[in-house]
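Reading through the structure tokens given below for one structure.
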Ligand code: FEO
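Numbering (the numbering used here), first residue to last: 837 to 1230.
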């Protein structure tokens, strides 16, 4: 239980142990939190709950500070299980409590839990009077699920943004101004890159819509990570940047290698880039040895990427195949790319990588660099020339 304001209490769970999210799809190397909020005015409402494994301690914690039957309403901003997981156990205790959510929220909650709770469907602009304050609902479809919603608490001027503006970042400090700013930035960007990139056009539209309401914002309380208290709109400004085909002066070289040949080509390419673009940050990642979500965050920051694999079984190494599957879904735009790789016999990898890059929406620079057998000095020079030639136009 942590105080946010006199009327708002954080009642969530900090999950220091979490290392994977969405099954094993997303790495959470700094843990996460499931933020749930209790708003107490003349009426008492609970905004979201926590992930299912923490249901019991969540309900016990709530019971320690109030009689559960005094909860007048539950707001389910989003039905995904990390926020609704404790609902079934809670609703066993207070089965007649109304649950406010979007129409899609009803579908999703019924789909998950198969219960006919007292659902109250809300739309953008609908309000729930609490006494001195009221909650204003703002639908946010596809940020990041069709059922997603935010709500705004008047008087406190708090936007409860659910997944938007979150970070998978565990901290006993609840507020943005108290944590390591570099860590916070890295986790907020990684979260955007890996989760919200496909919805960037909708992010822009939604932010414009919320800004047009001209509501004062004292705090943004997301459902993961820390609360934006100091300069709360800094994260909104970041989202506006990130949603506009974000890129920095960075080139990322992503590869995998069997016997070091493709790795040496990657390093040759990096040298070549350095010759023509010494101010451009160049980063190299072996996909088999690096967290893929961290690599995706680096790709998100890049203006261009080189992707390399040797040929194996007339294809590419499986780490690259998995990488493309994820990158394709993210739909990053306006990034340049080129492929490279070693081969000994049939040599299909560079063609496959080039096709994959194009199908992921990258602007492919040229045919790519194929090197037969182990690179010698001549081949490394070719790699360097390739890096320089391509990077000169990026
Ligand atoms: Fe944090 Fe979409 O759940």
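Glycine residues also receive a C-beta, built at the ideal position from the N, C-alpha and C atoms.
Please report the residue range of the beta strand (DSSP E) in which residue i lies.
i	result
residue 956	955 to 957
residue 1206	1205 to 1208
residue 909	909 to 911
residue 875	873 to 876
residue 1152	Per DSSP, residue 1152 belongs to no beta strand (DSSP E) and is neither H nor E.
residue 1177	1172 to 1179
residue 1088	1086 to 1091
residue 1222	From DSSP, residue 1222 is part of no beta strand (DSSP E) but of the alpha helix (DSSP H) over 1213 to 1227.
residue 973	970 to 975
residue 963	963 to 965
residue 889	Counting along the chain, residue 889 falls outside any beta strand (DSSP E), and DSSP gives it neither H nor E.
residue 1058	1055 to 1058
residue 869	868 to 870
In the structure shown, what three-state DSSP assignment does residue i receive?
i	result
residue 1144	strand
residue 1113	coil
residue 991	coil
residue 1130	helix
residue 900	helix
residue 861	coil
residue 850	strand
residue 844	strand
residue 1082	coil
residue 1137	helix
residue 1199	strand
residue 880	strand
residue 1159	helix
residue 1042	helix
residue 1050	coil
residue 839	strand
residue 1235	Residue 1235 lies beyond the residue range present for the chain, which begins at 837 and ends at 1230; the question has no answer from this structure.
residue 856	strand
residue 905	helix
Looking only at its chain, what residues have a beta carbon closer than 8 Å to the beta carbon of residue i, apart from the 5 residues adjacent to it on each side?
i	result
residue 1228	1112, 1113
residue 878	966, 967, 968
residue 914	884, 920, 941, 981, 983, 984, 985, 998, 999, 1059
residue 886	848, 849, 870, 872, 894, 918, 919, 921, 922
Got a sec? Which residues, its chain only, sit under 7 Å from residue i by beta carbon, not counting five neighbours each side?
i	result
residue 1167	1033, 1034, 1197
residue 864	854, 855, 856, 857, 1004
residue 1043	1072, 1075, 1076
residue 888	917, 921, 922
residue 1200	1173, 1174, 1190, 1193, 1194
residue 1006	850, 851, 852, 866, 867, 868, 869
Given 7 Å as the limit, tell me if residue i has its C-beta closer than that to any heavy atom belonging to the ligand FEO.
i	result
residue 860	no
residue 905	no
residue 948	no
residue 884	no
residue 932	no
residue 869	no
residue 918	yes
residue 872	no
residue 997	no
residue 981	yes
residue 1059	yes
Could you pull out every residue in the same chain whose Cβ sits closer than 6 Å to the Cβ of residue i, ignoring the five residues on either side in sequence?
i	result
residue 1093	1099
residue 871	848, 1059
residue 1121	1090, 1131
residue 990	969, 970
residue 1036	1079
residue 1155	1092, 1123, 1124
residue 972	963, 988
residue 838	846, 1010
Need the endpoints of the alpha helix (DSSP H) that residue i sits in, please.
i	result
residue 1123	Here residue 1123 belongs to no alpha helix (DSSP H), and DSSP marks it neither H nor E.
residue 1195	1185 to 1195
Uninterrupted beta strand (DSSP E) stretches inside the region 915 to 945 (no shorter than 3 residues) | Whole beta strand (DSSP E) segments, 3+ residues: 935 to 937.
Residue ranges of each beta strand (DSSP E) run of no fewer than 3 residues wholly in the region 1005 to 1038, ordered along the chain?
-> Taken in chain order, the whole beta strand (DSSP E) runs of length 3 or more contained in the region 1005 to 1038 number zero.
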